[in-house]
Amino acid sequence: MLTSEMIRFEEELHQRLSAATARLNQQLKWRENLLATLVHDMRTPLQALAGGLQLIEMAGDKLDAAKQARILEGARRGANNLNEMIQLILDSNRLDEGELVLEWQAIEPQPWLDDIVQALHPLTEAMELTLESQIHPAVPLIWGDGSLLRRVIQNLVGNAVKFTPRGGKISIIIAPSLQADRVEIRVRDTGTGMRPEVLPQIFDRYYQSNKDDHKGYGLGLYFCRLAVEAHAGVIQAASQVGSGTTISVVLPNEPKLNF
């Protein structure tokens, strides 16, 4: 009897160790691949930044003011892109560890959304996409960290841009939720869509897109999930291949003092 129990204990211990080893290997592989992806993604804004500054340094006196302004604007965008990537990594880790302190406030939806749309227009226009916004007349106030939620929507739109062909449309819609005391923000695109079986995975830390032209690790969507959950909210996706994707964020519209 004792021998039988010892065998079961050893088998259970072996299974636990095997599972822990598999999780550790998955984390190490994800970190390795994430680092490789980030190095690749950072190369473009770094080249824009370094190349622009070098051109100004070497031939600045031969360039007219308009040309200099365009070069400096490209360098500025490169620097901003690098800063956003770094901040995304840092904040994802802080959210994951519960160390990011939210600045709770009552958010007026219309001016908040107008600011987001205005900031995103250069991106969507460059990709020849239409960006539209809509707010339901009965929408309540949103309760949360306005800056953090702004970055959530910007990340969702940025992700939609990657998978929406030129001439497509991206919509941001704010409306009362079917759930009491909640407000829903939807980001909808007319892009390539996703297979139903991948939808439960896209907000996971280790999710990797298999799109050939946009391979990468879903740190942006993972950040969105962490930020929404920190608000006692829910984020989910609905999609069909060839019919676009809608990502819904449901948030409280009253203070959640226990969060």
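For any residue, its number in the numbering used here is found by taking its place in the sequence shown, counting from 1, and adding 149. Every residue, glycine too, gets a C-beta built ideally from N, C-alpha and C. The structure displayed is predicted, hence computed values, not measured ones.
For this session: Please say whether Val336 and Ile319 have beta carbons closer to each other than 9 Å?
Result: yes
Exercise. Considering only residues of the same chain and omitting the five flanking positions on each side of Asp294, which have a CB-CB separation below 6 Å?
Worked result: Leu251 and Glu252
Exercise. Under 9 Å, do Asp245 and Arg354 count as touching if we go by C-beta distance?
Worked result: yes
For this session: Assign Gln350 to one of three DSSP states: helix, strand, or coil.
Result: helix
Exercise. So His285 and Ala324 are in contact, right, with Cβ under 8 Å, and what is the actual spacing, rounded?
Worked result: 4 Å
For this session: Return the residue from the list Met234, Thr273, Gly382 and Gly393 that minimises the CA-CA distance to Met343.
Result: Gly393
For this session: State the Cα-Cα distance for the pair Thr313 and Leu290, rounded to the nearest angstrom.
Result: 30 Å
Problem set entry | 8 Å CB neighbourhood of Glu277 in its chain, flanking five on each side removed | Arg315 and Gly316
For this session: Express the C-alpha separation of Ala224 and Leu202 in angstroms, rounding to a whole number.
Result: 7 Å
For this session: Please work out which residues of its chain come closer than 6 Å, Cβ to Cβ, to Lys216, disregarding the five sequence neighbours upstream and downstream, and give them in chain order.
Result: none
Exercise. For Gln236, which residues from the same chain have a beta carbon less than 8 Å from its beta carbon, with the 5 sequence-adjacent residues on both sides left out?
Worked result: none
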